[in-house]
Amino acid sequence: MHRIHTLIALGIGLMLVCVHVTSGQNLVIHEVDITDFGYEPSAGVSSVGSAVAWTNQGSVAHTVTFDNGQGSSGALTNGQSF
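Anchor point for the sequence shown: position 23 equals 13 in the numbering used here, and the numbering is continuous, going up by one each time.
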């Protein structure tokens, strides 16, 4: 009986350590402003595990569309982000 309680306690401790380690990772967000007919910055590099936030700063509506066809932002008007 004592052995079962010890194993359960060790299992719970291991789960807590795993949650703590994964929650400590910081998400890197790269911000891109959409102007009427361009982007700022005009070029950049985003690595696996990071994110890109697109914000339309222009007066013309734009969309953000993935090359692989897996999604789109829909029309973003001035001030909207995706």
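Every residue, glycine too, gets a C-beta built ideally from N, C-alpha and C.
Since we're looking at a predicted model, the values are computed, not measured.
Counting C-beta neighbours from all protein chains within 10 Å, is the total for residue i 16 or more, i.e. buried, or is it exposed?
| i | result |
| --- | --- |
| N46 | buried |
Using C-beta distances below 7 Å, list every residue in its chain close to residue i, excluding the 5 sequence neighbours before and after it, in chain order.
| i | result |
| --- | --- |
| G48 | I24, T25, D26, N68 |
| F72 | W44, V54, S63, L66 |
Alpha carbon to alpha carbon, what distance is there between residue j and residue i?
| i | j | result |
| --- | --- | --- |
| G59 | A65 | 16 Å |
| F56 | V18 | 19 Å |
| S40 | N16 | 9 Å |
| V38 | G28 | 24 Å |
| Q70 | V35 | 22 Å |
Could you give the C-beta distance for residue i and residue j, rounded to a whole number, given that I count them as a contact under 8 Å?
| i | j | result |
| --- | --- | --- |
| A51 | E21 | At roughly 19 Å, the Cβ-Cβ gap does not stay under 8 Å, so A51 and E21 are not in contact. |
Excluding the five sequence neighbours on either side, which residues of its own chain have a C-beta within less than 8 Å of the C-beta of residue i, listed in chain order?
| i | result |
| --- | --- |
| T53 | S62, S63, G64, A65, L66 |
Got a sec? Which residues, its chain only, sit under 6 Å from residue i by beta carbon, not counting five neighbours each side?
| i | result |
| --- | --- |
| E30 | D23 |
Ranges of the alpha helix (DSSP H) found wholly within the stretch 14 to 70, counting only runs of at least 4: Here no run is fully enclosed.
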